[in-house]
Amino acid sequence: MLARQISKGLVSSLSSCFSVPALKVEDRVFPNIHGEEDWHFESAVTRGSWGNMDMSPEDITEQVMLSELRGRGGAGFSTAQKWSFLKPLKKPK
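For the sequence shown, our numbering assigns the number 603 to the initial residue and increments by one for each residue that follows.
Structural data, given as structure tokens:
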């Protein structure tokens, strides 16, 4: 089908079918995925990448629940619900 579209001039090139515009930094899930910024821990703290380290496991599960993240299986099971089945770890004394 794609070859037919190229031969008819409907598509200028194969690469034009697969080009995706770059995301703005604020829209990226992993803002430093391309290594544009320093990878050192101190730099990550300065950027605010480690700002949520004080969240409890319950807070994290709540955030995942609010995001409505689902599994990739056929049922689309709620990730937060799946996580809620896990027993909380006991803190060492």
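Quick reminder that beta carbons are idealized off the backbone N, C-alpha and C, glycines included. Predicted, not measured: the structure shown is a model, and the values here were computed from it.
**Study point:** N- and C-terminal bounds of the alpha helix (DSSP H) containing A682
**Key:** One-based indexing of the sequence shown puts residue 682 at position 80. Looking at the DSSP string, the run of the alpha helix (DSSP H) that includes A682 is 681-686.
Check your understanding: Rounded to the nearest angstrom, how far is the Cβ of P690 from that of P659, given a contact under 8 Å?
Key -> On the sequence shown, residue 690 is found 88 positions in, with the first residue counted as 1. On the sequence shown, residue 659 is found 57 positions in, with the first residue counted as 1. Confirmed, about 6 Å.
**Study point:** Beta-carbon proximity list for W685, same chain, < 7 Å, skipping 5 on both sides
**Key:** Numbered from 1 along the sequence shown, position 83 holds the residue referred to as residue 685. Closer than 7 Å at the Cβ level, and outside the excluded window around W685, lie T663, V666.
**Study point:** Under the three-state DSSP convention, the category R672 falls into
**Key:** The sequence position of residue 672 within the sequence shown is 70, counting from 1. In this structure, R672 counts as strand in the three-state DSSP scheme.
Practice item. Report yes if the CB atom of L668 is closer than 8 Å to the CB atom of T681, and no otherwise. Key: Your numbering for residue 668 matches position 66 in the sequence shown. Your numbering for residue 681 matches position 79 in the sequence shown. No, the Cβ-Cβ distance between L668 and T681 is not below 8 Å.
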